[in-house]
Amino acid sequence: MKYDFIDRLNLAAYLAVRRLLPKSSTPGASLLPKLAFTSVTLGVTASILILSLANGLHYNYLERLAEKDAHITVLAPNGIPEPETFISLIKSINGVVDSFPYAQGEVLLKSWFETQGALLKALPARFTNDATFLRLFSLQQGEWSFGKPRTITIGESVAQSLGLFLNDHIDVMIYDQDLGAITYRFKVAGIFSAGDASLDSSLVFISYKDAREILGFGAYAPYIGIRVRDFLRPEKYLAALEKEIPFQLTTWRMSNLNSILALNNEKQIIRMLLFIFFCVAFFGILSTMTALVADKREEIALLKALGMTPTEDALSFGLTGLFLGLSASALGSFFGIILSLNFNRIVRAVEAVINGLIQTWLTLTNQPPIAPFTFLNQKVYYLKEFPILLQAGDVFFSCFLAVSCVLLASLYPAGLSQKFKPAEILRKE
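To convert, note that position 12 of the sequence shown is 12 in the UniProt record's numbering; the numbers rise steadily by one, no gaps.
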C-alpha cells in the first residue's frame, strides 16, 4: 500500500508540473498558467507592501503617543516624595532606559483672539537636548521652553487656532481648589509639530521649574516618567517595578486604549480588504484553471482510458494548485520584502525622474520654476519618508491567503474533470 500511494503521488505530481508548463495545442492557452502565476505573485507583493506601510504608520503614531504620556508613569495621590531617590532606583532595573520627573494638567489658554483648553506638560531642562523627544516632536519655529522661565512651546494647531506667533504672550489659566482660577502669562518661545492633529491641537510644554512654581508641588514630584526598551509591551516591566516602587503604576497603553483599539480595527479592515482582493483573484484563477481543464481534456480522457482513477485525477489538480500557489507566493514574498525594504529609495528615484522631466519642460518653455514634486508632502504629513515596518506575520498572512485561494480554485476543475467520458471525447478526436 505504501508503494501504491507513492506511485499515485508521483503520477499526480508529474501531471501537475506538466499542466503548468507553457505547452498547449490551443493558441493562447499556454499563457493561462503564466497569467495565474503572475496575478498571485503581484497580489502577494502588493499585500506585503500595503501591510508594511500600515505597520510603519501605526508604529510612528504609537511612538508619539507613548512619548507624550511616558511609557510607564509612577503616580501618588499627594505626589512622590524624594523623587530623585526613586528615579535612581528605577534606572537600576533591567529594561529601563530613562526616568524623569514631570508634571501635567488641564489648563485653559487665552489669547487676544480666542480661548481653548489644552494639556500642559512640564519637563526637565535636559529635554531640550533629548534626541528621542526632539525626533518625535519636531520644532517648526523658535526653541524649546524647558530651560527658560515663563516661556511656553505650543503645538502648530494651537498657534493657528489662537492666532499666536513667536514672542507673543498667552495667558494660562489654572484652577486651584482654594483660590479658584489663577492666570499666568507666558511668552511663546517655540511652535512644534508632532505630525498628528490631536497632539498639535491640544498639547503645550513649559519648564518643570515653572510648573513647580505655578502648581505649587514643591519638593514632591506629581509624576515620574519611565522609558523602557520595548515601549510596545510596557506591561512586562511592571512586575519588577512594583517590587521596588510603593506607588501606583500605569502604562501609556492604559491611557490610550481607545486609540490602540482604533488602530487594531484599522489593521483588521486592511486585512479584510486584502481578503476581498484575493477573493476577486480567486475567480480569475478559477476561470484560468477551468480553461486549463478544457485545454487538457483529451489528455485527461486518455489517462482515464489507461486506468487513472478519480482520486489520482483530483490529486493531480490539487497539486497543480498547490505548486502554483507555493511558487507564486514564494516569488511574491521575495519581491514584497525587497520592495518594502527599498521602497523609499524607489520613491526618491521616481521623484528625481519626474522632477527632471518637469525641469526640462520648464527650461524648454521658459516657464518660472515651481516647487519640486513629492509623493509625501512634509507640510501635511510631517514625515521625511514613508515609514516601513516589515513583520513576519504579515508575510505569512499574505502567503496563506494566496495558497488558500489557488487551492480552492483548483477544486472546481477537479470536479469538472470527473464528468469527462473518455470514450466520447476520444471518439470525437
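The beta carbon of each residue, even a glycine, is placed where N, CA and C say it ideally should be.
Residues of its chain near residue i, where Cβ-Cβ distance is below 7 angstroms and the 5 sequence neighbours each way are ignored
i: residue 260; result: 253
i: residue 38; result: none
i: residue 211; result: 103, 122
i: residue 197; result: 157
i: residue 242; result: 249
i: residue 277; result: 43
Sub-8 angstroms separation of residue i and residue j beta-carbons
i: residue 207; j: residue 170; result: no
i: residue 47; j: residue 274; result: yes
i: residue 375; j: residue 395; result: no
i: residue 386; j: residue 334; result: no
i: residue 161; j: residue 114; result: yes
i: residue 127; j: residue 67; result: no
i: residue 172; j: residue 398; result: no
i: residue 69; j: residue 202; result: no
i: residue 77; j: residue 220; result: no
i: residue 125; j: residue 142; result: no
i: residue 106; j: residue 119; result: yes
Proximity to residue i [Cα-Cα], best of the options
i: residue 102; options: 108, 214, 222; result: 222
i: residue 183; options: 193, 108, 121, 60; result: 108
i: residue 226; options: 245, 410, 138; result: 245
i: residue 228; options: 391, 387, 72, 55; result: 72
i: residue 52; options: 203, 392, 88; result: 392
i: residue 95; options: 233, 166, 83, 159; result: 233
i: residue 151; options: 271, 166, 138; result: 166
i: residue 248; options: 341, 75, 195; result: 75
i: residue 97; options: 137, 237, 186, 31; result: 237
i: residue 137; options: 125, 85, 153; result: 153
i: residue 195; options: 337, 214, 135; result: 135
i: residue 231; options: 31, 32, 61; result: 61
i: residue 384; options: 364, 345, 400; result: 345
i: residue 185; options: 149, 163, 85, 159; result: 149
Residue i (DSSP reduced to helix, strand or coil)
i: residue 208; result: helix
i: residue 169; result: strand
i: residue 412; result: helix
i: residue 201; result: coil
i: residue 131; result: helix
i: residue 99; result: strand
i: residue 186; result: strand
i: residue 470; result: Any property of residue 470 remains undetermined from this structure, which presents the chain solely from 1 to 429.
i: residue 387; result: coil
i: residue 125; result: helix
i: residue 61; result: helix
i: residue 176; result: strand
i: residue 237; result: helix
i: residue 148; result: coil
i: residue 246; result: coil
i: residue 281; result: helix
i: residue 117; result: strand
i: residue 213; result: helix
i: residue 70; result: coil
i: residue 227; result: strand
i: residue 266; result: helix
i: residue 156; result: helix
Beta-carbon contacts of residue i that lie in its chain and below 6 angstroms, excluding the five residues immediately before and after
i: residue 2; result: Caution is warranted here: a pLDDT of 46 is assigned to residue 2, below 50, making its placement in the model unreliable, and the coordinate value is therefore given only provisionally. Answer for residue 2: no residue qualifies.
i: residue 435; result: In this structure the chain extends from 1 to 429, so residue 435 is not present and cannot be described.
i: residue 434; result: Shown here, the chain extends from 1 to 429; a query on residue 434 therefore has no answer.
i: residue 59; result: 389
i: residue 413; result: 289, 290, 293, 317
i: residue 339; result: 49
i: residue 187; result: 151, 169
i: residue 360; result: none
i: residue 204; result: 118, 120, 152, 154
i: residue 100; result: 124, 225
Same chain only: Cβ atoms within 8 angstroms of residue i, ignoring 5 sequence neighbours per side
i: residue 40; result: 281, 285, 324, 325, 328, 329, 332, 402, 405, 406
i: residue 156; result: 140, 191, 192, 193, 200
i: residue 370; result: 358, 362
i: residue 57; result: 387
i: residue 177; result: none
i: residue 351; result: 372, 373, 374, 375
i: residue 54; result: 266, 267, 270
Check: residue i C-beta below 7 angstroms from any heavy atom of the ligand ZN
i: residue 204; result: As for the ligand ZN, it is missing from this structure, which has no ligand bound.
Cβ separation of residue i and residue j, assumed to be a contact under 8 angstroms, to the nearest whole Å
i: residue 104; j: residue 91; result: Not confirmed; about 21 angstroms, so no contact.
i: residue 372; j: residue 355; result: 5 angstroms
i: residue 83; j: residue 224; result: 6 angstroms
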